[in-house]
Amino acid sequence: MPLAKFDFIPGINKEGTAYTAEGGWYDGNLVRFRQGHPEKIGGWIKDSVNYYQGTGRLLHPWINLAGTKYLGIGTRYKLYIQEGNSFNDITPIRTTTSAGDVTFSATDGSATITATDTAHGAVEGDFVTFSGAATLGGLITAAVLNQEYQIVTVPTANTYTFTATATANSSDSGNGGGSIVGVYQINCGLDTYVGSTGWSAGPWGDGTWGSSTTLSSTNQLRLWSLDNFGEDLIACPRGGNIYYWDNTNGLSTRAVSFSSLTNVNLPPTQALQILVSDVDRHIIALGADPLNAAGTARTGNSDPLFICWCDQENHLEWEPKNTNTAGSLRVSAGSEIVASIRTKQETIIWTDVAMYSLQFIGPPYTFGLNLINENNSIMGPNACINTPKGMFWMDESGFYAYSGSAMPVPCSVHSYVYDDLNHTQSHQIFAFSNKRFDEVGWFYCSQDSTTIDRYVTFNYENNSWAIGQLARTAWVDEGIVDYPRAAGLDTYNYIYRQEQGTDADGAAMDNVYIESGDFDIGDGNQLQFINRIIPDLTFTGSASTQTINMVLKTRNYPSATLTTNSTSAITNSTEKVDIRARARQGVLRVESDSTVGVGWRLGATRLQLRPNGRR
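Per my numbering, the sequence shown starts with residue 744, numbered consecutively.
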């Protein structure tokens, strides 16, 4: 009896029906294609047992002159620098009160404390640190009060509440005394994108009844841009101020606003994004506030198409002069700069309607701006990634690549991704590179989700696509870090070391599978008996006994219901699996079981067939 060999085309193809995907793969999860063959993706483990607060939206690694590795982490709530296993909180301070400006009140039997501070400017989720407080008289002691707290509610412009580490009793009737100082960190942002300014924009209860909401960094999805200027860190929450962390001051110090730096001259007070140009070393602020007409101060009002930069190698000088290279220009097409990314020879900038190239040209203009394409935009600020094979990004119409010109990337899962994409949360999309496997990918929110839960990847060496379910909100490829690092979306927020091992932080990965499109058994005309499967796979995990399940499903017509004929456990020693099936079409599925330490790579499976007539 003949053996039929099934060596499927690499990549998932969901642009048609399962039958039109004959000869290829139709579905999968947590599987990639390497050298044309499917394999289970690498596992992940926690990079540290410690976790951070808020959804991680950006990771930025660098090394100081002493060889110390840092990882900058921008979250919804805070700004961190990870060094070793420690997350060092460098979140800038918004304001510090005078002694006695803050007072407390407590209710017997409750851990909720109400703080009164006139025009405090805080929003729900902000962090504040108290010092100088005295006991309220009972269980709410000075030690309980004098620490950092997260604000739970903001009933009025003059009050807010937090949850103390102790429950008040009837003796807690004081106000904490007249020496209380409140140190407020910068306002946090939102976890979801808000794209309008009218009714329903912003959190419930924000503003007065019937009033519109002005979008700012506070009531928008909190996204960060991070870059290093030498050893130091430049940070900017989208739509907010620009901050500077000085490496020489150590990890126990916080980032500070540019305007507070000694001898700084006319820095922008807000921006949509910042970056440091590669060779010429200018800090570039996009969507910044311009100078006033007299050129003596910043307006304080962001121009979403305005770009400015500091003097070369001098982060303190932002005033354009004949004696320096500081300057500015304005993009002409669109209403807002959405994203930018640095490449080796240029900086690519997207507005909501066009794509530009910003290049260093030297004095007197410093930078020149050239229109690349007026028909390309981008889904969000982090929807682009640079790779050794060029730059890739995702816009509203599809996937694109750039290496001197913008070209669409043919995609075999385009409809699947875009039909399932929550377009209202496109600003959460995060593009990533995994150069070890020649991959780029995008994490995104599925249609019914307001948090990231899916991904799509493209292998640019074999032009294959893969899909899956994985909640990662930020990613940085290996290089400065030894493995890719990713921000998880869990009960607690951890940094994960990706592509290490075969498991999900010590547990078996859930729902790992690859499933073929319908293939004709024989010529598809006659019914065929299938009486043997001869598997071809390699195990790559660490478990002493490794198994996967190989499933054969069949049907006689494309519209018929699939019947599962065999589910067989396959090991390294499995030579063949005897089965009994009779059909015209088949589907092959390979799936992981619940065993830890199992990795696998699939080759060309063969089926033993015997004709059985036309009926």
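We put the beta carbon where it would ideally sit given N, CA and C, even for glycine.
Note that the coordinates shown come from a computational prediction; the quantities given were computed from them, not determined experimentally.
- Item | DSSP three-state assignment for Ser-1176, whether helix, strand or coil | If DSSP states are grouped into helix, strand and coil, Ser-1176 belongs with the strands.
- Message: Which of the three DSSP states is assigned to Ala-1144 in this structure?
- Response: strand
- Item | Contacts around Asn-1067, its chain only, beta-carbon distance under 8 angstroms, and the 5 residues preceding and following it disregarded | Asp-1054, Gln-1055, Asn-1057, Glu-1060
- Item | CB contact flag (Ala-842, Gly-917, <8 angstroms) | no
- Cβ pair count under 8 angstroms reaching 3, the stretch 1292-1304 against the stretch 801-813: no
- Please report the Cβ distance between Ala-1014 and Ile-985, rounded to the nearest whole angstrom; I am assuming they are in contact, meaning their Cβ atoms lie under 8 angstroms. 6 angstroms
- Query: What are the residues that DSSP puts in a beta bridge with Asn-1236?
  - Reply: In DSSP, Asn-1236 forms a bridge with Tyr-795.
- In three-state terms, what does DSSP make of His-1157? helix
- Item | Cα-Cα separation between Tyr-762 and Gly-932, rounded to whole angstroms | 47 angstroms
- Item | Unbroken stretches of the beta strand (DSSP E), 3 residues or longer, contained in the stretch 846-897 | 846-849, 855-859, 870-874
- Query: Secondary structure at Gln-1016, three-state DSSP: helix, strand or coil?
  - Reply: strand
- Task: Decide if the stretch 1240-1259 is in contact with the stretch 762-772; the criterion is three or more beta carbon pairs, one per stretch, under 8 angstroms apart.
- Result: yes
- Query: Smallest Cα separation from Ser-1169: which of Ile-836, Ser-1189, Asp-1181, Glu-1182?
  - Reply: Considering only alpha carbons, the answer is Ser-1189.
- Item | CA nearest to the CA of Val-895, picked from Leu-882, Phe-870, Asn-1299, Lys-757 | Phe-870
- What did DSSP end up calling Ser-954 once you bin it into helix, strand or coil? Reliability of the predicted coordinates at Ser-954 is poor, the pLDDT of 43 falling under 50, and no value is obtained from them.
- Query: What's the call for Leu-1114, buried or exposed, on a 16-neighbour Cβ count within 10 Å?
  - Reply: Exposed is the call here.
- Task: Would you mind stating whether Gln-1171 and Leu-1029 have Cβ atoms separated by less than 8 angstroms?
- Result: no
- Item | Outcome for Thr-838 when other beta-carbon atoms lying within 10 angstroms are tallied against a minimum of 16 | Here Thr-838 is exposed: its Cβ has fewer than 16 other Cβ atoms, across all protein chains shown, within 10 Å.
- Message: Taking the beta carbon of Gly-1070 as the centre, do at least 16 other beta carbons fall within 10 Å, making it buried, or is it exposed?
- Response: buried
- Under 8 angstroms between the Cβ atoms of Leu-1101 and Thr-1090? yes
- Query: What is the C-beta distance between Arg-800 and Thr-811, in whole angstroms, given that I count them as a contact (C-beta under 8 angstroms)?
  - Reply: In fact, because the Cβ distance is near 24 angstroms, the residues do not count as touching under 8 angstroms.
- Message: On the CB-based measure, 16 or more other CB atoms within 10 Å of its CB, does Val-792 come out buried or exposed?
- Response: exposed
- Message: One question on the structure: do Gly-754 and Ser-1176 come within less than 8 angstroms of each other, judged by their Cβ atoms?
- Response: no
- Item | Short Cβ contact (8 angstroms threshold) for Val-1156 with Lys-757 | Yes.
- Query: Measuring CA to CA, which of Ala-1214, Glu-1258, Ser-1259, Gly-1222 is closest to Ile-1238?
  - Reply: The shortest Cα separation from Ile-1238 among Ala-1214, Glu-1258, Ser-1259, Gly-1222 belongs to Ala-1214.
- Item | Rounded straight-line distance, which links the Cα of Ile-836 to that of Ser-1000 | 9 angstroms
- Task: Hey, could you find the ends of the beta strand (DSSP E) Trp-1218 is sitting in?
- Result: Counting along the chain, the unbroken beta strand (DSSP E) around Trp-1218 starts and ends at 1215-1219.
- Message: For Val-1096, which residues in the same chain have their Cβ closer than 7 angstroms to its Cβ, ignoring the five residues on either side in sequence?
- Response: Ala-1076, Gly-1077, Glu-1117, Ser-1120
- Residue of Asn-992, Thr-840, Phe-905, Tyr-892 minimising C-alpha distance to Thr-855: Phe-905
- Query: Secondary structure at Pro-946, three-state DSSP: helix, strand or coil?
  - Reply: Since pLDDT at Pro-946 reaches only 45, below the 50 mark, its modelled position is unreliable, and the value read off the structure follows with that caveat. Coil, per DSSP.
- Rounded to whole angstroms, what's the CA-CA distance from Phe-1049 to Val-1081? Just pull it up for me. 12 angstroms
- Inter-residue Cα distance where the pair is Pro-745 and Ala-1347: 15 angstroms
- Under a Cβ-count criterion, where at least 16 other Cβ atoms within 10 Å of its own Cβ denotes burial, should Asp-860 be classed as buried or exposed? buried
- Return the CA-CA distance between Thr-1314 and His-1025, expressed in angstroms with no decimal places. 57 angstroms
- Message: Using a Cβ-Cβ cutoff of less than 6 angstroms, which residues in the same chain neighbour Tyr-936 once the five nearest sequence positions on both sides are dropped?
- Response: Leu-964, Gln-1168, His-1170
- Query: Between the Cα of Tyr-1203 and the Cα atoms of Val-1152, Asn-1236, Asp-1225, which residue gives the shortest distance?
  - Reply: Val-1152
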